[in-house]
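The structure appears right after this line, and notes come after that.
2 protein chains.
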Amino acid sequence: MKNDTIVLDHGSGGLLSHELTEKIMLPAFDNDVLSRLDDSAVIESQKGRMAFSTDSFVVDPLFFPGGNIGDLAVNGTVNDIAMSGAVPLYLSAGLIIEEGFAIRDLEAIIASMAAAARQAGVSIVAGDTKVVPRGAADKLFINTSGVGWIVGDLEINAANARAGDCVLLSGTMADHGMTILNQREGLTFDADVKSDSAALNGLVARMLSAAPDGIRVLRDPTRGGVATVLNEIALASGAGIQINESSLPVRKSVSGLCELLGIDPLYAANEGKLIAIVDRACADAVLAVLRQDPLGADACIIGQVTADHPGRVVMETAIGGRRIVDMLIGGQLPRIC
Amino acid sequence: MKNDTIVLDHGSGGLLSHELTEKIMLPAFDNDVLSRLDDSAVIESQKGRMAFSTDSFVVDPLFFPGGNIGDLAVNGTVNDIAMSGAVPLYLSAGLIIEEGFAIRDLEAIIASMAAAARQAGVSIVAGDTKVVPRGAADKLFINTSGVGWIVGDLEINAANARAGDCVLLSGTMADHGMTILNQREGLTFDADVKSDSAALNGLVARMLSAAPDGIRVLRDPTRGGVATVLNEIALASGAGIQINESSLPVRKSVSGLCELLGIDPLYAANEGKLIAIVDRACADAVLAVLRQDPLGADACIIGQVTADHPGRVVMETAIGGRRIVDMLIGGQLPRIC
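Same order as they appear, the protein sequences are chains A and B. Position 45 (the first sequence) corresponds to 45 in the UniProt record's numbering; numbering is contiguous. Position 34 (the second sequence) corresponds to 34 in the UniProt record's numbering; numbering is contiguous.
If you want it as structure tokens, here you go:
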């Protein structure tokens with residue numbers, strides 16, 4: 001590259017835009033569809049219903065323990081697609097870069113996107129880069145959109161929870177959210193606090209193999225955390241959800257940080273966890289599959305779907321009380337993802 | 001809405017995020033797939049190859065004569081999909097909003113997106129909204145991604161130009177680019193200078209009906225303008241392109257503004273025009289179809305593909321000379337789209 005930092009001409013559509021694409025994006029993402037550089041990526045015919053999802057990432061800081069905005073952007077969209085039971089295959093990447101951004105940092109982030117895509121088995125086939133003048137954006141924002149195809153006649157969505165189903169969580173809560181806050185506050189509280197950013201599509205495929213008819217709802221509890229997602233499921237399904245405080249997994253270091261900062265881990269963001277609402281008859285089989293996978297090693301049953309209090313999430317507290325768990329009201333953490 | 005302006009909690013994933021989605025996005029975009037609010041939009045099975053495209057819009061100012069960032073974002077992605085010969089069907093919208101942005105302006109922009117989508121016959125089925133603190137973004141950025149399906153075995157891409165083909169342009173150059181510059185410089189040069197922002201998928205469908213086998217390349221000359229796109233086609237096809245200066249259509253008011261500001265209209269952005277490389281035998285038929293459509297009323301043949309000077313674009317000047325037309329080197333206009 002001729003420059004050390006991004007200049008406005010890298011977003012002009014002209015020669016420097018081409019250099020950026022050809023020297024950084026194409027070698028990293030390395031696939032024939034993207035390399036054709038047509039206005040659209042053309043993808044071979046696929047069978048079945050398609051899942052289509054989009055997410056913009058504005059996380060601050062860009063680099064954090066456990067990942068950076070690049071792998072976060074890939075994993076986030078891969079997971080959104082996987083939560084419909086689809087097999088994610090193709091992603092797009094839209095970058096908005098602030099003038100003056102270091103090319104070295106961009107290269108590191110693109111390399112992380114490429115590595116995350118390889119690990120998840122998806123290809124980044126379409127892209128766009130815009131550059132805005134200094135002060136018009138904070139460093140770098142990334143949008144990823146993606147598509148995947150649903151095998152057979154699976155119907156996995158938030159409206160499917162039924163009274164009696166079990167509520168599974170694939171691992172500890174709040175790792176990502178507290179990592180970002182820890183970094184931003186300059187606390188560097190504990191080396192053990194790191195983002196859980198990970199692609200869950202492989203895990204979902206194994207869960208579906210184990211219980212093809214028993215998985216009713218899948219959701220990844222990102223912004224708003226476990227509490228908000230459970231509320232969304234309760235509302236969409238018109239069922240109640242009851243969870244047990246003592247069964248909620250939180251890493252000790254994360255829990256300490258939450259107490260110090262007054263954050264409820266139920267509302268903090270996760271980037272490599274899923275909630276599964278599962279037919280009670282399949283719950284043990286699904287739990288076993290989860291626990292066999294490093295991404296689900298701490299999986300547990302955190303509650304159940306009830307006919308009582310439809311649309312509401314209620315928690316049995318550790319000291320034996322009951323309280324309503326609302327959707328997130330205030331935003332605890334801006335720019336968490 | 002409880003607020004007049006966007007606050008950080010509108011991007012938290014919690015209650016205010018839900019209010020924003022349910023009061024502004026869902027009523028405007030109005031379709032069952034989006035309304036399910038699952039992590040992915042699930043789309044019925046489609047036949048054939050799929051075109052997939054993404055584009056981020058950072059245009060400044062947000063509102064300009066002829067449109068705003070909302071319709072621009074819809075038309076831009078619709079056009080990218082249409083340029084592969086695909087029928088665009090579904091779009092996603094990813095918004096990054098600066099804290100303090102006026103809800104009234106957001107509503108106007110979302111209404112424009114919805115109107116543009118209706119006019120183009122596409123549905124906005126997936127969305128995401130992030131809010132960043134004051135100063136971390138300039139007002140509003142929009143990413144749109146989209147998918148469409150290619151009818152039959154059409155092969156329309158930049159590598160297909162062949163010596164002897166005609167180069168068609170669907171109308172006047174530089175309208176969008178000069179409108180933005182006019183606004184930004186506070187020149188308000190002429191009421192006649194306005195953006196050409198428009199969806200071209202209907203026009204493309206009619207061109208393909210008229211000459212299903214004769215259309216080799218379609219491209220919309222946005223950033224970098226007609227000159228840059230012709231260079232991309234020449235490079236991808238390994239052919240030369242020769243254009244005639246006297247045949248290049250530019251609105252008189254736009255041409256005056258270009259002269260005043262020292263901008264070459266060949267490099268200025270268009271948002272509702274296409275370049276078609278067409279088999280000579282079909283050129284008149286395609287031209288007739290273009291001219292029957294208000295979006296192609298000023299269409300003309302601007303040149304031809306040659307076996308000479310492969311990879312290069314050469315212009316016969318109005319005074320009888322010849323000069324090489326390079327790809328855009330410097331960015332004339334940041335934040336043009």
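Where is the CB? At the ideal position from N, CA and C, for every residue including glycine.
Bridge partners - residue i, DSSP secondary structure assignment
{"i": "residue 357 (chain B)", "result": "For residue 357 (chain B) there is no data in the structure shown, the boundaries of chain B being 1 and 337."}
{"i": "Pro-88 (chain B)", "result": "B:Gly-148"}
{"i": "Glu-98 (chain B)", "result": "B:Val-132"}
{"i": "Thr-21 (chain B)", "result": "Note: Thr-21 (chain B) sits in no beta bridge, so no partner."}
{"i": "Ser-197 (chain A)", "result": "Partner(s): none; Ser-197 (chain A) has no beta bridge."}
{"i": "Phe-63 (chain A)", "result": "A:Asn-68"}
{"i": "Thr-5 (chain A)", "result": "A:Ala-102"}
{"i": "Ser-123 (chain A)", "result": "A:Tyr-90"}
{"i": "Ala-51 (chain A)", "result": "A:Gly-148 and B:Val-42"}
{"i": "Glu-316 (chain B)", "result": "B:Asn-244 and B:Arg-322"}
Where the alpha helix (DSSP H) through residue i begins and ends
{"i": "Met-178 (chain B)", "result": "175–184"}
{"i": "Leu-203 (chain A)", "result": "201–210"}
{"i": "Met-113 (chain B)", "result": "103–120"}
{"i": "Thr-77 (chain A)", "result": "69–82"}
{"i": "Glu-44 (chain B)", "result": "No alpha helix (DSSP H) holds Glu-44 (chain B); DSSP gives it neither H nor E."}
{"i": "Leu-259 (chain A)", "result": "The amino acid occupying residue 259 (chain A) in the given sequence is Glu; Leu does not appear at that position. Its alpha helix (DSSP H) spans residues 252–261."}
{"i": "Ser-35 (chain A)", "result": "32–35"}
{"i": "Ala-137 (chain B)", "result": "Premise fails: Ala-137 (chain B) is in no alpha helix (DSSP H) and is neither H nor E."}
{"i": "Arg-291 (chain B)", "result": "283–292"}
{"i": "Ala-28 (chain A)", "result": "26–29"}
Span of the beta strand (DSSP E) around residue i
{"i": "residue 403 (chain A)", "result": "The first residue shown for chain A is 1 and the last is 337, placing residue 403 (chain A) beyond what the model contains."}
{"i": "Ile-215 (chain B)", "result": "215–219"}
{"i": "Ser-324 (chain B)", "result": "At residue 324 (chain B) the sequence reads Ile, which differs from the Ser that was named. Per DSSP, Ile-324 (chain B) belongs to the beta strand (DSSP E) from 322–324."}
{"i": "Ile-275 (chain A)", "result": "275–278"}
{"i": "Gln-304 (chain B)", "result": "300–306"}
{"i": "Leu-168 (chain B)", "result": "166–169"}
{"i": "Glu-232 (chain A)", "result": "From DSSP, Glu-232 (chain A) is part of no beta strand (DSSP E) but of the alpha helix (DSSP H) over 225–237."}
C-beta contact flag for residue i and residue j at 7 Å
{"i": "Gly-94 (chain B)", "j": "Asn-143 (chain A)", "result": "yes"}
{"i": "Ala-102 (chain B)", "j": "Thr-5 (chain B)", "result": "yes"}
{"i": "Gly-171 (chain A)", "j": "Ala-299 (chain A)", "result": "yes"}
{"i": "Ala-268 (chain A)", "j": "Gly-225 (chain A)", "result": "yes"}
{"i": "Pro-265 (chain B)", "j": "Met-173 (chain B)", "result": "yes"}
{"i": "Ala-307 (chain A)", "j": "Ala-163 (chain A)", "result": "yes"}
{"i": "Val-167 (chain A)", "j": "Ile-302 (chain A)", "result": "yes"}
{"i": "Ser-53 (chain A)", "j": "Ala-126 (chain B)", "result": "yes"}
{"i": "Pro-293 (chain A)", "j": "Ser-253 (chain A)", "result": "Correcting the residue type first, residue 293 (chain A) is Asp in the shown sequence and not Pro. No, the Cβ-Cβ distance between Asp-293 (chain A) and Ser-253 (chain A) is not below 7 Å."}
{"i": "Ala-161 (chain A)", "j": "Ile-277 (chain A)", "result": "yes"}
{"i": "Leu-235 (chain B)", "j": "Ile-329 (chain A)", "result": "no"}
{"i": "Leu-218 (chain B)", "j": "Met-315 (chain B)", "result": "no"}
{"i": "Leu-248 (chain B)", "j": "Asn-79 (chain B)", "result": "no"}
{"i": "Gly-272 (chain B)", "j": "Ser-197 (chain B)", "result": "yes"}
{"i": "Arg-49 (chain B)", "j": "Val-42 (chain A)", "result": "yes"}
{"i": "Phe-141 (chain A)", "j": "Ile-96 (chain A)", "result": "yes"}
{"i": "Pro-310 (chain A)", "j": "Gly-202 (chain A)", "result": "no"}
Residues near residue i by beta carbon distance below 7 Å, same chain, minus five either side
{"i": "Cys-282 (chain A)", "result": "Ala-211 and Gly-214"}
{"i": "Val-59 (chain B)", "result": "Ile-69, Leu-72, Ile-180, Arg-335, Ile-336 and Cys-337"}
{"i": "Glu-107 (chain A)", "result": "Ile-24"}
{"i": "Leu-187 (chain A)", "result": "none"}
{"i": "Ala-111 (chain B)", "result": "Ala-28"}
{"i": "Asp-165 (chain B)", "result": "Arg-216, Ile-277, Val-278, Asp-279, Arg-280, Gln-304 and Val-305"}
{"i": "Asn-3 (chain B)", "result": "Ile-103"}
Proximity test, residue i beta-carbon vs the ligand FMN heavy atom, cut-off 6 Å
{"i": "Asp-80 (chain B)", "result": "Ligands are entirely absent from the displayed structure, and the ligand FMN is therefore not among its contents."}
Same chain, Cβ closer than 8 Å to residue i, five either side skipped, listed in chain order
{"i": "residue 340 (chain B)", "result": "Outside the shown range of chain B (1 to 337) lies residue 340 (chain B), about which nothing can therefore be said."}
{"i": "Cys-258 (chain B)", "result": "Ala-174, Met-178, Val-250, Asp-264, Pro-265 and Ala-268"}
{"i": "Met-1 (chain A)", "result": "Glu-19, Leu-20, Lys-23, Ile-24 and Ile-103"}
{"i": "Arg-135 (chain A)", "result": "Arg is not the amino acid found at residue 135 (chain A); the sequence shown has Gly there. If we look at Gly-135 (chain A) and ignore the five residues flanking it on each side, its Cβ neighbours are Glu-98."}
Cβ neighbours of residue i in the same chain (closer than 6 Å, five flanking residues each side left out)
{"i": "Ile-81 (chain A)", "result": "Ala-51, Ser-53, Pro-88, Gly-146 and Gly-148"}
{"i": "Ala-114 (chain B)", "result": "Ala-28 and Phe-29"}
{"i": "Lys-194 (chain A)", "result": "Pro-65, Gly-66 and Thr-179"}
{"i": "Pro-133 (chain A)", "result": "Glu-99"}
{"i": "Ile-243 (chain A)", "result": "Ile-302, Gly-303 and Met-315"}
{"i": "Pro-61 (chain B)", "result": "Gln-183"}
Q. Using Cβ-Cβ distances below 7 Å, what residues of the segment 96–117 of chain B are close to chain A?
A. If the cut-off is 7 Å between Cβ atoms, the segment 96–117 of chain B has Ile-96 near chain A.
Q. Taking a cut of 9 Å between CB atoms, which residues from the segment 197–225 of chain A lie near chain B?
A. Of all residues in the segment 197–225 of chain A, those with a C-beta nearer than 9 Å to a C-beta of chain B are Leu-218, Arg-219, Asp-220, Thr-222, Arg-223, Gly-224 and Gly-225, reading in chain order.
Q | Cβ-based contacts, 7 Å cut-off: residues of the segment 153–168 of chain A near chain B | A | So the list reads Asn-157 and Ala-158, given in the order they occur along the chain.
Q: Report the residues of the segment 39–64 of chain A with a CB closer than 9 Å to any CB of chain B, ordered along the chain.
A: Closer than 9 Å at the C-beta level to chain B, one finds these residues of the segment 39–64 of chain A: Asp-39, Ser-40, Ala-41, Val-42, Ile-43, Glu-44, Ser-45, Gln-46, Lys-47, Gly-48, Arg-49, Met-50, Ala-51, Phe-52, Ser-53, Thr-54, Asp-55, Ser-56, Phe-57, Val-58 and Asp-60.
Q | Members of the segment 283–307 of chain B that neighbour chain A once the beta carbon cut-off is set at 8 Å | A | Cβ contacts with chain A: none found.
Q.
For the segment 247–259 of chain A, list every residue whose C-beta sits within 9 Å of some C-beta in chain B, in sequence order.
A. Listed in sequence order: no entries.
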